[in-house]
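Novice: Counting from 1, one number per residue, gives the positions in the sequence shown under UniProt numbering. All C-beta atoms in this analysis are idealised placements derived from N, C-alpha and C, irrespective of residue type, glycine included.
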Amino acid sequence: MIISTTNAPKAIGPYSQARQVGNTVYISGCCPFHHEDGSIVGTDITEQTHQVMKNLQAIVEAAGLTMNDIVKTTCFISDMNNFVTFNGIYQSYFSEGIYPARSCVEVSRLPKDVLIEVEAVVVKQ
1 MIISTTNAPK AIGPYSQARQ VGNTVYISGC CPFHHEDGSI VGTDITEQTH
51 QVMKNLQAIV EAAGLTMNDI VKTTCFISDM NNFVTFNGIY QSYFSEGIYP
101 ARSCVEVSRL PKDVLIEVEA VVVKQ
């Protein structure tokens, strides 16, 4: 089943916002794009991380789940010097102690030259 919401940006390529297979939801990489027009929200890691997490949360909720149902994220960051700021904001979107497994890697470039992208795997329990 395809998961889609107007509260997160439309896909900018041949992919879905999310796809549910059985009790698992796979969420495509979320970038700091505005859900109405696709424009980039923010110019620094703080603003962009909040927008990424809001977009991720909108898709999770469209699947009928919560952020605490996320079991794994992969985070792509354009500059590891921004990791501490990113990490603090990221953490604030989860209940204390209920953090998903995670990978975080620095990449040379992200779509539209944004600073951060996060994808997730969510399990309905």
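Does DSSP put residue 61 in a helix, a strand or coil?
Specialist: Residue 61: helix per DSSP, three-state reduction.
Novice: Looking at the structure shown, is residue 99 part of a helix, part of a strand, or coil, going by DSSP?
Specialist: It is coil, neither helix nor strand.
Novice: Round the Cβ separation of residue 15 and residue 53 to the nearest angstrom and send it over; I've been treating them as touching at under 8 Å.
Specialist: Contact flag wrong, Cβ pair sits at about 20 Å.
Novice: Assuming contact is defined by CB atoms lying nearer than 8 Å, are residue 96 and residue 27 in contact in what I supplied?
Specialist: Against a cut-off of 8 Å, the Cβ pair of residue 27 and residue 96 comes out as no contact.
Novice: Below 8 Å, how does it come out for the stretch 98 to 110 and the stretch 43 to 57: are there three or more Cβ pairs, yes or no?
Specialist: Verdict: no, contact absent.
Novice: Run through the DSSP bridge pairs and tell me what residue 26 is partnered with.
Specialist: Its beta-bridge partners are 19 and 121.
Novice: Considering just the uninterrupted stretch of the alpha helix (DSSP H) at residue 83, what are its terminal residues?
Specialist: It spans 83 to 91 - the alpha helix (DSSP H) in which residue 83 sits, taken as one unbroken run.
Novice: For residue 62, which residues in the same chain have their Cβ closer than 6 Å to its Cβ, ignoring the five residues on either side in sequence?
Specialist: The answer, listed in chain order, is 3 and 5.
Novice: Under a Cβ-count criterion, where at least 16 other Cβ atoms within 10 Å of its own Cβ denotes burial, should residue 11 be classed as buried or exposed?
Specialist: So residue 11 ends up on the exposed side.
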